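Chemist: A single structure is presented below for examination.
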Amino acid sequence: MAETPAAAAPADTPTPAPAAPAIKKGSLVRVNRQAYGNSLEAQASDAAAPDYIFEGPAEVLLIKGDYAQVRFRRPVPDVWLRSIQLEAYLA
107 MAETPAAAAP ADTPTPAPAA PAIKKGSLVR VNRQAYGNSL EAQASDAAAP
157 DYIFEGPAEV LLIKGDYAQV RFRRPVPDVW LRSIQLEAYL A
């Protein structure tokens, strides 16, 4: 049996865009309005989410699987949100 040569990657392949900074414990984040709007978490909550979650910042306290526990700088309880709904807070 003859081996076929492996296809070489084209030289003009575009380089991937730089990835967004990873969300990790201690990161400052805010909620992405579009990602949150159609989510199961939004459907299980009040019809209108408070503006402060979209304005930020909130601190990531803990990460378990796809979820992150975040604390807002307001006298409100900590909440668990999917990490894909969060984006880095840029001051």
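Quick note on this note's numbering: the sequence shown kicks off at 107 and runs consecutively.
Note that beta-carbon positions come from the ideal geometry of N, C-alpha and C, so glycine has one too.
Just so it is clear, the structure is predicted and the values come from calculations on it, not from any experiment.
Round the Cβ separation of V137 and L196 to the nearest angstrom and send it over; I've been treating them as touching at under 8 Å.
Modeler: Contact doesn't hold; Cβ gap of about 14 Å is too wide.
Chemist: Compute the distance between the beta-carbons of R188 and E147, then report whether it is under 9 Å.
Modeler: Closer than 9 Å, so yes.
Chemist: Tell me, which residues are paired with Y173 by DSSP?
Modeler: In DSSP, Y173 forms a bridge with K170 and R188.
Chemist: Under the DSSP definition of a beta bridge, which residues are partnered with V137?
Modeler: Looking at the DSSP assignment, V137 forms a beta bridge with L192.
Chemist: Verify whether the separation of the beta carbon atoms of P163 and V182 is less than 9 Å.
Modeler: Cβ distance not < 9 Å, so P163 and V182 don't count as in contact.
Chemist: Looking at the unbroken alpha helix (DSSP H) that takes in V129, where does it start and where does it end?
Modeler: Residue identity differs from the one stated: residue 129 is Ile in this sequence, not Val. Looking at the DSSP string, I129 is not in any alpha helix (DSSP H), and its letter there is neither H nor E.
Chemist: Suppose you measure from the CA of Q149 to the CA of P156; what does that come to, to the nearest Å?
Modeler: In a straight line, the C-alpha of Q149 is about 14 Å away from that of P156.
Chemist: What separation, rounded to the nearest whole angstrom, lies between the Cα atoms of S133 and R177?
Modeler: Near 11 Å, if we compare the C-alpha coordinates of R177 and S133.
Chemist: Can the beta-carbon of V166 be found less than 9 Å from the beta-carbon of K131?
Modeler: Yes, the Cβ-Cβ distance between V166 and K131 is below 9 Å.
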